[in-house]
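These notes concern the structure reproduced below.
Residue numbers (our numbering): 196 to 370.
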């Protein structure tokens, strides 16, 4: 019994040595995996086709999901309770941005029903208004976006160019 620490030490050394030998003599090839990451590009037409193939109707949720996928949202923007008609209006605005800026451009929604400092009777509080960022666009691009949006949404929504420090495109549903 007095030799058990020595026997234990010898067993540990043998275990570590055999583990090292197994690792060293491992001749299996390491699989080579190439990860191809592609930025997902969302195509509205492909999405509609996939819905038809799945025999799923393009409902309010689908339109809302499409708006969220085709835009970026400023941190803290709340869009989950928006009126369904506002989602359709937002898609029109997104289309205008794409016509003016190109399909790669991703519009940024800067406000929904999330900001406590809107005007007292703002449509934002009724979930009937959105703001899109215009910062970073050239003056002629801004003008084109505003004019095209007003033409497309005439009779359905009011489009306002709110200038100032936080310049943006304000879109609200008509009553």
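For glycine and all other residues, C-beta sits at the position ideal for the given N, C-alpha and C.
As the structure is a computational prediction, the values presented were derived from the model and not from experiment.
In the three-state DSSP reduction, residue 268 falls in the strand class (E or B).
The bridge partners DSSP lists for residue 363 are 328 and 357. A distance below 6 Å between beta-carbons, with the five flanking residues on each side excluded, links residue 302 to the following residues of its chain, in chain order: 266, 289, 292 and 327. For residue 303, the secondary structure class from DSSP, reduced to helix, strand or coil, is strand. In the DSSP assignment, residue 368 is bridged to 352. Here residue 308 has 273, 276, 319, 320 and 322 as same chain residues with Cβ atoms under 7 Å from its own Cβ, once five neighbours each way along the sequence are excluded.
When the beta-carbon positions are compared, residue 278 and residue 347 stay at least 7 Å from each other. Counting the other CB atoms within 10 Å of its CB gives residue 306 a total of 16 or more, which places it among the buried residues. When the beta-carbon positions are compared, residue 363 and residue 329 come within less than 7 Å of each other.
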